[in-house]
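So the structure is just underneath, and the comments pick up after that.
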Amino acid sequence: MSKLNTVIFDLDGVLVNTDVFHFEAWKELADRLGVPFSAEQADRCRGVSRMQSLEIVLERSERTYTLAEKEAFAAEKNANYRSRLETMTPDDVPSEVLETLAELRRRGCRLALASGSKNAGLILERTGLGRMLDAVADGTMITRSKPDPEVFLTAAKLLGAEPCECAAVDDAEAGVQSARAAGMLAVAIAGAAKSGLGDMNIASVKELLQLFE
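Take 24 as the starting number for the sequence shown in this note's numbering and just add one per residue.
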């Protein structure tokens with residue numbers, strides 16, 4: 024395998040934590056529809072597309088909905104979610120994330136984002152994280168969601184990197200599967216790491232520095 028020289032990060036749950044915003048926005052929709060929605064369901068929504076998440080939210084509904092209704096529900100949720108993202112600031116980025124990104128860059132690593140979210144640009148803008156990345160691949164640039172490898176491969180292509188040169192970091196099962204399918208070193212963090220899903224399983228992003236000593 025070629026020497027690793029690139030790190031490609033998922034966004035939510037890896038560089039920033041917006042899970043609570045997702046939960047609140049989906050819960051607001053579910054409550055309006057009178058549909059039970061649990062933390063377990065919210066966890067299953069991590070790492071998958073908005074419409075896939077909506078199906079999870081509606082799975083305990085007593086009625087069915089048309090595609091047009093579902094699209095309206097997804098748009099409603101996204102508007103609620105984005106209103107919460109607008110409150111984010113650079114202070115919402117954990118200090119160890121900032122320190123790790125800075126040190127990786129100092130060691131000559133190329134850094135990119137691979138997020139299925141179409142709201143990634145807003146998050147990067149509000150938090151200032153965009154200034155620390157060499158490339159961004161997000162949901163506006165792909166047609167297939169994780170676990171398909173498209174978003175990781177797109178990020179690598181933007182950098183001119185070969186997959187075998189990349190470590191891909193994700194906190195969701197679908198993301199780890201996506202990284203592995205892309206032919207990258209799959210680094211699992213948070214929930215995915217606790218399940219031992221990655222080629223490397225880490226408790227915090229600073230452990231990535233071990234790969235580039």
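By construction, the Cβ of each residue, glycine as well, lies at the ideal position given by its N, Cα and C atoms.
Using a 10 angstroms sphere on the CB of LYS169, the tally of other CB atoms reaches 16 or more, which defines it as buried. Closest by C-alpha distance to TYR104, out of LEU145, ASP115, VAL116, GLY131, is LEU145. Its chain contains no residue whose beta carbon lies nearer than 6 Å to that of ARG128 once the 5 sequence neighbours on both sides are disregarded. GLY214 is a Cβ neighbour of ASP194, given a cutoff of 8 Å.
Nearest neighbour of LYS100 by Cα position, chosen from VAL120, GLU78, ASP157, ALA160, turns out to be GLU78. THR166 and SER118 have their C-alpha atoms roughly 33 Å apart. For MET74, the enclosing alpha helix (DSSP H) begins and ends at 73 to 81. The three-state reading of DSSP puts PHE235 in helix, counting H, G and I together.
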